[in-house]
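A quick write-up on the structure given underneath.
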Amino acid sequence: MKNTQVDTLSLNQTHASQAVVGCIETLNQGYEFLETLSADDYVYLAQPHVSSSIGEHFRHWLDLFHAIRLEPRRIDYNVRRRGHQVERDINVAKQEISELIEWLFELPTGDLHQGVAVETEVLLSQTQVEEVSSTLVRELTFAALHATHHFAMAKVVASIRGVTSDCRFGVAPATATYQRAQ
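Heads up: the sequence shown is residues 166 to 347, going by the numbering used here.
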């Protein structure tokens, strides 16, 4: 499987949107983390500590990026692929990450500040969908930050399996800034 990781330092110098560079950094982090896992690590359920496998966490945050890519002017975050092969096959996850990196690299910077409608469920007690206004760049930023949250959960599962992860994996950009200042 081809790894399409992008050197974010050179991308940083050529791409106008730092938000897109940040998304690519996040996707690269996810890919690099998967390179440290076995297929069994990917599907392991570390109950009662964590109720979802690494694969399920990856499917969840990948779904956010897919919702944005599928319909970038009307994003429906309720479209989920629960039970999809990406939850069970680490190579499918790597392929999806590679495809998202390619898509982001090709994304016209002029599209980033366009208005988008976002649909998402807002209640736990009953089905209630709310539509809000946003921008494409805001939703891409959200998807990357949400992935970081799931990376932290995946890191816990990996540590239970004895897999050591990079100390920066699962760390939010604002936390990384704070840590650099210390």
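Beta carbons are placed, not taken as given, at the ideal position from N, Cα and C, and that holds for glycine.
Identify whether residue i lies in helix, strand or coil by the three-state DSSP scheme.
i           : result
residue 173 : Low per-residue confidence applies at residue 173: pLDDT is 49, beneath 50, and the placement is therefore not dependable enough to give any value.
residue 331 : coil
residue 128 : Residue 128 lies beyond the stretch modelled for the chain, which goes from 166 to 347, so this question has no answer here.
residue 272 : coil
residue 201 : coil
In the DSSP output, what is residue i paired with across the bridge?
i           : result
residue 295 : 285
residue 340 : Paired residues: none, contrary to the question.
residue 300 : 280
residue 239 : 282
Going straight from the alpha carbon of residue i to that of residue j, what length do you get?
i           : j           : result
residue 240 : residue 329 : 36 Å
residue 205 : residue 254 : 10 Å
residue 182 : residue 279 : 14 Å
residue 168 : residue 290 : At residue 168 the pLDDT is 46, less than 50, meaning the model places this residue with poor confidence and gives no usable figure here.
residue 296 : residue 242 : 10 Å
residue 347 : residue 313 : 21 Å
In chain order, what residues of the same chain lie with their CB nearer than 8 Å to the CB of residue i, ignoring the 5 residues before and after it?
i           : result
residue 233 : 240, 301, 304, 305, 308
residue 315 : 222, 223, 225, 226
Could you tell me if the beta carbon of residue i falls within a distance shorter than 7 Å of some heavy atom in the ligand PLP?
i           : result
residue 246 : The ligand PLP is absent from the structure shown, which contains no ligand whatsoever.
In chain order, what residues of the same chain have a beta carbon less than 6 Å from the beta carbon of residue i, not counting five sequence neighbours either side?
i           : result
residue 185 : 269
residue 195 : 262
What residues in its chain sit with their C-beta under 7 Å from that of residue i, if we drop five residues either side in the sequence?
i           : result
residue 215 : 318, 321, 322
residue 299 : 281, 283
Measure the CB-CB distance between residue i and residue j and report whether it falls below 8 Å.
i           : j           : result
residue 334 : residue 198 : yes
residue 286 : residue 292 : yes
residue 220 : residue 251 : yes
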